[in-house]
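There are 2 protein chains.
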Amino acid sequence: MRLARTVAEARGALAALPRPLGLVPTMGALHEGHVALVRAARESCAAVAASLFVNPTQFGAGEDFARYPRDEARDLALFEVAGVDVVFAPSAAEMYAADASTTVHVGGPVAETLEGADRPGHFDGVATVVTKLFTIVAPDVAFFGQKDAQQLALIRRLVRDLDLPAEVAAVPTVREPDGLAMSSRNAYLTPEQRAVAPDLYRALLAGRAAAGEPGALPKDVIAATAMSLVMPDPRLITEGDRIAEMKREGSPVPPRFDLDYIAVVDADTFVQEAELGSRSLLVAAARLGVTRLIDNLELTPIRASIRSMSRNASQSQAADRSHSSSQSHTPSQSPSAHHSPSAYPVGDATGTKGR
Amino acid sequence: MRLARTVAEARGALAALPRPLGLVPTMGALHEGHVALVRAARESCAAVAASLFVNPTQFGAGEDFARYPRDEARDLALFEVAGVDVVFAPSAAEMYAADASTTVHVGGPVAETLEGADRPGHFDGVATVVTKLFTIVAPDVAFFGQKDAQQLALIRRLVRDLDLPAEVAAVPTVREPDGLAMSSRNAYLTPEQRAVAPDLYRALLAGRAAAGEPGALPKDVIAATAMSLVMPDPRLITEGDRIAEMKREGSPVPPRFDLDYIAVVDADTFVQEAELGSRSLLVAAARLGVTRLIDNLELTPIRASIRSMSRNASQSQAADRSHSSSQSHTPSQSPSAHHSPSAYPVGDATGTKGR
């Protein structure tokens, strides 16, 4: 494995590789999700490049750029074991001249809603650095995780609009045994937060189950997801009951999610949907303390795999990989149904949801 | 010569060409300036591609997109004679999907002053289409005319900032025998406007002559340029006298320039300069009726070639090509000199300048 610190070194090292060339862009702090990206690249490409760059321009003021986990030696070792041929790990000064003033901007809902609304400037930073990585590495295929679904849709749009000569491949989300989507930011979670973090995925599964009901609309899916998130334990009637019981038992009150959004969107455009369709995606973002978690599920599930989901589900990875199933869901439409787009609004908590 | 209408056809045709590959981007309506670009590409590259695309996104509302001169059959014939191997001439629909929403934006003075200020959105359109042409054609060198000096500086910045793997080569402005810089938009000029159009270049030469005086500052250069533009005939004391004389003679009053700007800038950054330097560029834009003309001169001239400039100069091309002379000009600096940037402001006409 060769390590390139500059654009010139990267181009030199990459020129010697066979084609097709796969690219796995990362910000380091590698986990099994990144390894799955490298594995997918190895399976379909003759050579694999990875980038390791904590891109400052995609972090907003007050976000976690300074404390983002960094352990380059460990990351390089993991890349080598995974079978990466060339790692491009530039400094910020190598990537951005002091007077750099060029930005790639993607407009429209794919960039402006949800993550784009919650993180101003984030997607301009992503679009710009991805364009640069594509022009530096010139991959035939670039691999991105389905976990960052809006980023994936934005990059697909960017690649199409700028005619970047590469394919974009999506790799299914890799989950912990309890269902939590793997993320470098999971390292921020306290043990107590880590224990409740999988509730976000369970809530998405509840939403997906609701999508399977006859006549279900996005608003029903969102409501089921929100209800599950605030009342993850079905044995208790209300979250207030749950907390009261814990206090009686002397248990500490568990950490609570602060919800940023729950929405049903078209997976390509990220336009919020009034009706469920073949590309419907259920997306959610919520914070546990200072840590922001995002996750998503396609709403074209195999029903059986959802119904059997338990609190300690171990088949979550398998369930995620079933998305491309041909058993697509076509809900019957009620003439009286609401057809306006809907999302669970930030701050509009249900009566039982604490903040 | 092969003609490609789609991105896929272009990539197919270009893959067969030897390297290095030169690219000459054009909006058609070809003239000798374009031929000089192709000639420069032929001299330094093994193969030459040209693009022919009147890019709608770089025209503002009220600009001349609809009436921009188009004669594809003539343009293709000229490209073939000039030695182009592949012409990429896409439709607007091929270049821009109906829901395209990605823009490349260059910020800073290079994009925001002068042309950027006068033509809002123009440079975003240029930056986006040039990025696309570079990713579609993948040239080793791309050739642009020095006449559009700010566009040239912006594209150099863009290519550097996005790591586009191509060199940018500047080709000297080609002029008519009377000094008018060649431009597709010259076709809009009436015979009367065409007769006075070379006054813009003469005014730049007057500014460059002023730059050769000891202690000259940008404001002196700008003043000399402005004076020349409003009083192009040195035999007359004032422009009022000139018009009065013409009326006495029964001549029609000649068309008048409406000045947009005259400025002295750093050729790379387009920051307006308080002192003359090795990269000083004198730039101007002015309108004759509905036709907007721009032109520029580097301020590192051979003095002799300026002093001999006459109203019907035939050595103007030779003078333009002398810019890279090593006889650079280093003005002595007066301690009392004004050091604030200066430009001839729009609308701040001298007493003798009509609008």
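So the sequence lines, in the order shown, correspond to chains Y and V. Every letter in the first sequence is one number past the one before it in our numbering, and letter 164, counting from 1, is 211. Every letter in the second sequence is one number past the one before it in our numbering, and letter 87, counting from 1, is 134. For each residue, glycine too, the CB sits at the ideal point set by N, CA and C. The structure presented is a predicted model; accordingly, all values stated were derived computationally and were not measured.
* C-alpha distance - T316/V paired with V157/V, whole-angstrom precision -> 5 angstroms
* Got a sec: is the Cβ-Cβ distance from I269/V to anything in chain Y below 8 angstroms? -> no
* Starting from the C-beta of A62/V, find all residues in its chain whose C-beta is less than 8 angstroms away, skip the five residues before and the five after it, and write them out in chain order. => none
* To do: Give a yes or no on whether the minimum CB-CB distance between D313/Y and chain V is below 8 angstroms.
  => no
* Cross-strand partners of F135/V (DSSP beta bridge) -> A51/V and S98/V
* Applying the criterion that 16 or more other CB atoms from any shown protein chain within 10 Å of the CB defines a buried residue, is P299/V buried or exposed? -> exposed
* Can you give, in chain order, each stretch of the beta strand (DSSP E) that sits fully within the segment 310-341 of chain Y and has at least 3 residues? -> 327-335
* D187/V CB to nearest chain Y CB: under 8 angstroms? -> no
* With distances taken between CB atoms, is the gap from F100/Y to M48/Y smaller than 8 angstroms? -> no
* Measure the beta-carbon distance from F135/V to V184/V and round it to whole angstroms, keeping in mind my assumption that it falls under 8 angstroms. => 7 angstroms
* Please confirm if T104/Y has its CB atom under 8 angstroms from at least one CB of chain A. => Although the question refers to chain A, the structure presented lacks it and instead comprises the protein chains Y and V.
* Asked: Using a beta-carbon distance cut-off of less than 9 angstroms, what residues from the segment 120-146 of chain V approach chain Y?
  -> M142, Y143, A144 and D146
* **Bridge partners - R222/V, DSSP secondary structure assignment** => A228/V
* DSSP beta-bridge partners for F191/V? -> A217/V
* Taking only the alpha-carbon atoms, compute the straight-line gap between G154/Y and F170/Y and give it to the nearest angstrom. => 10 angstroms
* **Alpha-carbon spacing of D246/V relative to L252/V, whole angstroms** => 10 angstroms
* To do: Can you give me the Cβ contacts of F106/V inside the same chain, cut-off strictly under 8 angstroms, excluding the 5 residues immediately before and after it?
  => F112, Y115, H169 and G172
* **Cutoff 6 angstroms; reference A234/V; Cβ partners in own chain excluding five residues on either side** => P116
* To do: Round the Cβ separation of N102/Y and V176/Y to the nearest angstrom and send it over; I've been treating them as touching at under 8 angstroms.
  => 4 angstroms
* Is the distance from the Cβ of L323/Y to the Cβ of A270/Y below 8 angstroms? -> no
* For Y308/Y, the residue or residues it bridges with in DSSP -> A332/Y
* Looking at the structure shown, is P245/V part of a helix, part of a strand, or coil, going by DSSP? -> coil
* Residue from D187/Y, V268/Y and E296/Y with nearest C-alpha to Q319/Y -> V268/Y
* Which residues DSSP lists as bridging N343/Y, in chain order -> V330/Y
* **Pair within 8 angstroms by beta-carbon distance, G192/V and G80/V** => yes
* Asked: Are the C-beta of R212/V and some C-beta of chain Y separated by less than 8 angstroms?
  -> The amino acid at residue 212/V is misidentified as Arg; the sequence shows Pro. By this cut-off, P212/V is an interface position.
* Asked: How is V153/Y classed by DSSP in three states: helix, strand or coil?
  -> strand
* **For D195/Y and F181/V, the rounded distance between their alpha carbons** => 29 angstroms
* Would H152/Y count as contacting chain V if we go by Cβ distances under 8 angstroms? -> yes
* Measure the C-alpha to C-alpha separation of E110/Y and L264/Y and round it to an integer number of angstroms. => 35 angstroms
* Asked: Expressed to the nearest angstrom, what Euclidean distance is found between the alpha-carbon atoms of M142/Y and T149/Y?
  -> 12 angstroms
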